[in-house]
Amino acid sequence: MVQELTAEQIRQALQGISVPPQPQIMVDLQMEQVMPNPDLKNIARLISQDPGLSGALLKLVNSPFFGLANRITSIQRAVNLLGSRSVINLINAQSIKGEMSDDTIVTLNRFWDTAQDVAMSCLSLAKRIGYESVDEAYALGLFHNCGIPLMLKRFPHYMAVLEEAYAAASDERRVVDTENRVLNTNHAVVGYYTARSWRLPEHVCEAIANHHNALSIFGDESARDTQLKNLLAILKMAEHICGSHRILGNQPEDHEWNSIGALVLDYVGLTDYDFENLKSSILELGVGQGSY
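In our numbering, the protein residues as written are 756 to 1047.
Right, dumping it as structure tokens:
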């Protein structure tokens, strides 16, 4: 069901699009992570050398979305408590913003605001439905649309195409279908390639590639791709809660959720009433208010 992109398809999709390289700190962290016995002290030391990332990590783990009982005040404590893999996934997700921000593109402000909201909602939803790898859910939330700023740099009229894509979304037409028709590529493919080049876990990369393919994936009732379905269910609920259709697509109605919502909720075992309560509690934590 998950289709592997060929090298030629990737080359065509990325024509004229420049994927930013990972910052050196991520290269160093991932090299340490693949050692037979990763040194947690060295990982904490590397993170602490970057005040921006270390401050963002502490702010994240102490946020109400993370829900820890005691406040964490040191990077070493965060690494010891969460483990090196989780911390590196969280740092990787946060560093993408620094590499893709562009003050000359005002539209990116609303993009990053909603990406952060979706990431925090993914984190909270993962905890509440019992998905163990909350760091992966967070990384997916921040990374899933990382193709959008790259598309915007390549195609100045891209946001108009994206709005058209959200407006036309239905059971028969995915958001990415409109992009493919107009631009011959789409933000999900570009995001997939970026995530792979940044060495995100493969199943997170697959979720990025397929995040506008949910109707097909949840329509398959077999036990295949459970990990993919778990991540996509969390992401699609988070996008709906955060109003991605309004902020990115400029649409009053979430056409994509109307197509997939019942399948997603059925998959995670939530009623509409359960989901509305969950939505309210996440909004109360401060999504959209910059409180984290």
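Virtual Cβ for every residue (Gly too), placed ideally from N, Cα, C.
- 7 Å or more divides the Cβ of A943 from the Cβ of F898.
- The DSSP-derived three-state label of C901 is coil.
- Membership of W867 in the alpha helix (DSSP H) is indicated by the continuous run 862-884.
- Ranking R936, N965, R909, L837 by CA distance to the CA of L895 puts N965 first.
- Under the three-state reduction of DSSP output, N939 falls in the coil class, being neither helix nor strand.
- Ranked by how close their Cα comes to the Cα of C960, the residues R832, L986, R883 have L986 in first place.
- Straight-line measurement puts the Cα of A881 at about 21 Å from the Cα of L970.
- Within the same chain, Cβ atoms closer than 7 Å to the Cβ of E919 are found at T933, the five residues on either side in sequence being excluded.
- V816 places its beta carbon less than 7 Å from that of I827.
- Taking a C-beta distance under 7 Å as the contact criterion, T949 and C901 qualify as a contact pair.
- Look at the beta carbons and you see the stretch 767-785 touching the stretch 906-917: at least three pairs across the two are nearer than 8 Å.
- Between L990 and A962 the beta-carbon gap is near 7 Å, inside 8 Å, which marks them as a contact.
- For H958, the enclosing alpha helix (DSSP H) starts and ends at 957-964.
- Per DSSP, the unbroken alpha helix (DSSP H) holding P806 starts and ends at 806-816.
- Minimum Cα-Cα distance from P956 among the listed residues R979, S888, N1013, V945 corresponds to S888.
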